[in-house]
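Worksheet: the structure to be examined is printed underneath.
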Amino acid sequence: MPMAHVDPRHRPLTARLISESVLVALVLGAAAIKLDALDHPLARALIVAVILLQGCWLHRLYVVAHEASHRKLWPAHPGINDALGQLLLLPLMLPLRIHRKIHAFHHGHNRRDERTSALDTFVIPRRTSALGRALNRAWCYLLWYLAVFAGGFFVHSLVSVLLFLAMPMRIARTISPAFKGWRIGDQLRSLASFGLGVGLHVGVAWLLGTRAWALSMGWPLLAFAWVYSLLVYIYHYRTDYGPDVRFHVRGLNRHPIASWWLLNFNEHDTHHRQPKLPWYQLPAHREPLPHAHASNQKYDGIAAAILAQLRGPRIIEIPETPETIENPMPRDPGAST
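Under the numbering used here, the residue at position 122 of the sequence shown is numbered 1548, and the numbers go up by one with no gaps.
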């Protein structure tokens, strides 16, 4: 975002956003620890609710860091931008450089074809027997439901992060085109960031005890894995494919609480068209999708988009070849919105 085009409201809005995000995270963590000290049945029930809220709020931190990943959280100073983004990602132990690399691949190759960055699409060999076909399709449905409704997309992303952290470069570039341009320096800096995240978790456990760590960071991270997996693909599920990668997306209706929580992420079609727009400018730039992609607007709200995923994956059966046997899954370095 060139300096001349930075909205004069940007710094105060960003300062308020970061302060709010960090303060609420601290309050929720303290509330979970405080409730645990109360010997009352209601307190036990409230702990579960607070842990789920913490998982949701970790998603807020992730979305704020997404702004930094696009270099628009603090556009006037790249160093400050990246430092703020990385600090927000420490509870998730996610290096900002890796998120930026995976997310850039998502924006540049989103559903380019049925095998590229299309997480809801399984290209599989067509078995000759009816039983073989049924088992193959059942396996695809199982993988999809685990990915969306049991935290599987979080696991998928975690594996991708570990590959970026540890995979030798000469091997990594043969696995996915997303590794193109990934250098040993990026890997070392990401390892340092990952170490800081691990250090934060260890430090909290050492200072406050493992019980307090579990209530304020451990269990909330599992809740985040579930929330993240539910939401990560609702804007792209069963959209179209092709070279117009900016338009394989949908926007969703505004909901006051969800739009505040997720920084207008419901305007996801606008974000893909203009990824440098900060979160507070997205609603003002909403436009209908081009006619050729208008069918992507299948669902109106977040709840409807989540439930639509119960429909399952799209399965494309093609004649058996060595490639289809070895690579039934889409080429994507990690789940990303």
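For glycine and all other residues, C-beta sits at the position ideal for the given N, C-alpha and C.
Query                                                                                                                                                                     : Result
Taking 8 Å as the CB-CB cut-off, is V1432 touching chain B?                                                                                                               : Within the model displayed, chain B is absent; a lone protein chain is all it includes.
Who are the near neighbours of R1737 in its chain, counting only those whose CB is closer than 8 Å to its CB and skipping five residues on each side?                     : R1664
Am I right that S1495 and R1526 are in contact with their C-beta atoms under 8 Å? What's the rounded C-beta distance?                                                     : 5 Å
Say whether the segment 1724-1737 touches the segment 1704-1713, bearing in mind that this needs 3 or more beta-carbon pairs closer than 8 Å, one atom from each stretch. : no
Which partner residues of E1540 appear in the DSSP bridge assignment?                                                                                                     : Answer is none; E1540 lacks a bridge partner.
If you draw a straight line from the C-alpha of I1660 to the C-alpha of W1645, how long is it?                                                                            : 24 Å
Return the CA-CA distance between H1674 and G1505, expressed in angstroms with no decimal places.                                                                         : 32 Å
Run the CB neighbour count on W1632, radius 10 Å, all protein chains shown included, and call it buried at 16 or more, exposed below.                                     : exposed
G1511 and Q1480: beta carbons closer than 8 Å?                                                                                                                            : no
Beta-carbon within less than 7 Å of R1699's beta-carbon, same chain only, minus the 5 sequence neighbours each way: which residues are those?                             : R1672
Among D1666, Y1654, P1669 and G1677, whose alpha-carbon lies nearest the alpha-carbon of L1478?                                                                           : Y1654
By the three-class DSSP mapping on this structure, what secondary structure does V1675 have?                                                                              : coil
Please classify R1523 as buried or exposed, where buried requires at least 16 other C-beta atoms within 10 Å of its C-beta.                                               : buried
So which of R1676, P1682 and I1683 has the shortest CA-CA distance to T1696?                                                                                              : R1676
Which residues in the same chain have their Cβ closer than 7 Å to the Cβ of A1618, if we skip the five residues on either side of it in sequence?                         : none
Could you tell me the distance, in whole angstroms, from the CA atom of A1718 to the CA atom of A1598?                                                                    : 36 Å
How about R1559 and V1549: are their beta carbons less than 8 Å apart?                                                                                                    : no
How far does the beta strand (DSSP E) with T1547 in it reach, from first residue to last?                                                                                 : T1547 to P1551
Is V1489 closer than 8 Å to I1444 when the C-beta atoms are compared?                                                                                                     : no
Following the continuous beta strand (DSSP E) through R1740, name the residue where it begins and the one where it ends.                                                  : R1740 to I1744
May I have the straight-line CA-CA distance separating P1521 from L1557, to the nearest angstrom?                                                                         : 44 Å
For N1507, which of helix, strand or coil comes out of DSSP?                                                                                                              : helix
Residues in its own chain within less than 7 Å of H1535 by CB, not counting five upstream and five downstream?                                                            : T1542, S1543 and V1671
Measure how close the beta-carbons of F1620 and M1519 come, nearest whole angstrom, since I'm counting them as under 8 Å.                                                 : 6 Å
Roughly how many angstroms separate the alpha carbons of M1593 and G1607, rounded to a whole number?                                                                      : 14 Å
Are the beta-carbon atoms of S1465 and I1473 separated by less than 8 Å?                                                                                                  : The sequence shown places Asp at residue 1465, not Ser. It is not a contact, given that the beta carbons lie outside the stated cut-off.
Nearest CA to the CA of H1436: which residue from L1513, I1744 and K1498?                                                                                                 : K1498
Quick one: what does DSSP say R1664 is sitting in, helix, strand or coil?                                                                                                 : coil
Kindly indicate which three-state DSSP category R1497 falls into: helix, strand or coil?                                                                                  : coil
Taking only the alpha-carbon atoms, compute the straight-line gap between A1509 and E1743 and give it to the nearest angstrom.                                            : 46 Å
Alpha carbon to alpha carbon, how far is G1578 from Q1735? Give it in angstroms, no decimals.                                                                             : 14 Å
Taking 6 Å as the limit between beta carbons, can you name the residues of its chain near L1689, skipping five residues before and five after?                            : V1489 and W1705
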